Amino acid sequence: MELQTAKPLIPVVITLVTIFLIIASRKRPNLREFWSIAGSILTFLSVLVMVPGVWEGHVLKYTLSELAPGIALRFRVDGLSLIFGIVSSFLWIFASFYNIGYMRSLDEHAQTRYYACFTAAILGAQGVSYSGNLFSLYLFYEIITVVTYPLVAHHQDEEAYEGGKKYLVYLMGTSKGLLLPAMALTYVFCGTLDFAPTIQTGIFPAEVGRAWITFVYVLFILGFAKAAIMPLHNWLPSAMVAPTPVSALLHAVAVVKAGVFSIARVMLSVFGLEVLHELGLGIWTAYFVSFTIILASVIALTKDDLKARLAYSTVSQLSYIVLGVALLDPIGITGGVIHIVNHAFSKITLFFCAGAIYVAHHKKKISELGGIGYQMPFTMGAFAVASLSMIGIPPVAGFVTK
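Residues in the sequence shown are numbered from 30 upward in steps of one, following the working numbering.
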């Protein structure tokens, strides 16, 4: 049952207001950081307000603006939306506190720009979560790309600019060269960019050729390069030149999760289970991402840089999420979606631990970490638990989804 309400718009508005408050407080660091924390808490609470309605089986909808027939800035909240929305807003609270300690300890420059762009990335993640059609999804997806570039290139040295350049080339290139054509073809064939009301049927009419549907599907899967599926993954390890809290944002809170969430949304709400079954697209997608799971894991083992190893681990784990959805089975889809949550909490813990090690000992290489467990027992204890979850050892959360 659909329920018309402005509630899906509230988290987006709160994050937008928070950005302006952070910029306005640029000469008062304590106030600037207060707005970051307050905005994160208020955003999370505004997301929780939507839980009862979705729990009761309602789909919350709100149209902000109708730009053309079948094209609108529309918000829509169902169970899948709410999971990503809760994860990104909740982890933002922890990231806000961590940001303060990290940025102050290292006396980083351009902190106002940093906090504003970090908040804008959360705005994009919230917008992606509650998008009611492909147009809205694309808009917020691109916002994430644009506002995270200054974060990736934050150090403003040659390595940072090179990592930022690769980040933009991969993500902007695929979105403009693949996603936009996919959306245009979808609109031509379907006359709308709205998501289907159920995950069974999708939006493609029966008279559309199967070859065309397959072609559009491939464009979408490759176009969402934030999911870091091989071979469109190289931007992610390169982006590790960013400060550690940004790495956590990229891997756990917003960026890559927006990629896999978008793939899941398009598979289920644009193509639908029936079409994916009929064309065998699910099984081929499963083979494709399984290759990424294995190869990325092998590459991760060759990396001595801790953040680089965690980056390739993310490449592998993201494909687990897509694999679950590609199985086109209720249990598989549930496992894939819940793995978004498990991976987010595990990976943000791992990156926060990596950042703590760097701040305390200025060490980045795994080969340099001998005896670190004795020096930082609580940090490495948390690192161990998060690692076990990534592996999938019972009884930790990663075991359940895998």
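For glycine and all other residues, C-beta sits at the position ideal for the given N, C-alpha and C.
The structure displayed is predicted, hence computed values, not measured ones.
Any idea what DSSP makes of residue i, helix, strand or coil?
| i | result |
| --- | --- |
| Ile-100 | strand |
| Lys-392 | coil |
| Glu-31 | strand |
| Ser-345 | helix |
| Asn-371 | helix |
| Ser-160 | strand |
| His-306 | helix |
| Leu-45 | helix |
| Ser-54 | coil |
| Ile-322 | helix |
| Ala-235 | coil |
| Met-419 | helix |
| Lys-376 | helix |
| Pro-37 | coil |
| Ile-328 | helix |
| Pro-359 | helix |
| Met-259 | coil |
| Glu-137 | coil |
Report back the beta-carbon spacing between residue i and residue j to the nearest angstrom; my notes put them in contact at under 8 Å.
| i | j | result |
| --- | --- | --- |
| Leu-200 | Ala-257 | Actually they do not touch by this definition, with Cβ atoms about 10 Å apart. |
| Ile-369 | Phe-290 | 7 Å |
| Ala-271 | Val-181 | 5 Å |
| Phe-104 | Tyr-170 | That belief does not hold up - the Cβ atoms of Phe-104 and Tyr-170 are roughly 15 Å apart, past 8 Å. |
| Leu-324 | Met-259 | 6 Å |
| Leu-379 | Phe-412 | 6 Å |
| Ala-287 | Ile-173 | 6 Å |
Can you check DSSP and say which residues form a bridge with residue i?
| i | result |
| --- | --- |
| Thr-92 | Arg-103 |
| Asp-334 | Lys-394 |
Along the chain, where does the alpha helix (DSSP H) that runs through residue i open and close?
| i | result |
| --- | --- |
| Leu-214 | 209 to 219 |
| His-23 | Look at the range of the chain in this structure, 30 to 431, and you will see that residue 23 is not part of it. |
| Thr-227 | Unbroken run through Thr-227: none, as it is neither H nor E. |
| Ala-268 | Counting along the chain, Ala-268 falls outside any alpha helix (DSSP H), and DSSP gives it neither H nor E. |
| Ala-281 | No alpha helix (DSSP H) contains Ala-281, which DSSP labels as neither H nor E. |
| Leu-60 | 58 to 77 |
| Gly-427 | 426 to 430 |
| Gly-402 | 401 to 404 |
| Asn-128 | 108 to 134 |
| Gly-252 | 239 to 252 |
| Pro-81 | 80 to 84 |
State yes or no: is the beta carbon of residue i nearer than 7 Å to at least one beta carbon in chain D?
| i | result |
| --- | --- |
| Val-414 | Any reference to chain D falls outside this structure, which holds one protein chain only. |
Q: Count the C-beta pairs between the stretch 395 to 402 and the stretch 308 to 324 that are closer than 8 Å, then say yes if the count reaches three, no if not.
A: Contact fails: fewer than three Cβ-Cβ distances are below 8 Å.
Q.
Closer than 8 Å is the cut-off here; do at least three beta carbon pairs connect the stretch 269 to 279 with the stretch 214 to 225?
A. No, they do not touch.
Q) Are three or more beta carbon pairs between the stretch 244 to 251 and the stretch 117 to 124 nearer than 8 Å? A) Using a C-beta cut-off of 8 Å, the stretch 244 to 251 makes no contact with the stretch 117 to 124, since fewer than three inter-stretch Cβ pairs fall below that distance.
(Q) Taking contact to mean 3 or more Cβ pairs, one atom from each stretch, closer than 8 Å, check whether the stretch 321 to 331 and the stretch 375 to 392 are in contact. (A) By the Cβ test, the stretch 321 to 331 is not in contact with the stretch 375 to 392, since fewer than three Cβ pairs between them sit closer than 8 Å.
(Q) Does the structure place the stretch 77 to 91 close enough to the stretch 31 to 50 that three or more beta carbon pairs sit under 8 Å? (A) Yes: at least three Cβ pairs fall under 8 Å.
Q) Looking at C-beta atoms only, is the number of pairs between the stretch 203 to 213 and the stretch 136 to 151 that lie closer than 8 Å three or more? A) No, the stretch 203 to 213 is not in contact with the stretch 136 to 151.
Q) So does the stretch 41 to 49 actually touch the stretch 57 to 69, counting three or more Cβ pairs closer than 8 Å? A) Verdict: yes, contact present.
**Q.** Three or more C-beta pairs below 8 Å linking the stretch 258 to 269 and the stretch 185 to 202
**A.** Put simply, the stretch 258 to 269 touches the stretch 185 to 202. At least three CB pairs are less than 8 Å apart.
Q.
For the structure I just gave you, are there three or more beta carbon pairs, one from the stretch 291 to 305 and one from the stretch 225 to 242, closer than 8 Å?
A. Taking a contact to require three or more Cβ pairs closer than 8 Å, the stretch 291 to 305 and the stretch 225 to 242 qualify as touching.
Q) Can at least three beta-carbon pairs, one atom from the stretch 227 to 239 and one from the stretch 340 to 356, be found at a separation below 8 Å? A) Touching, no.
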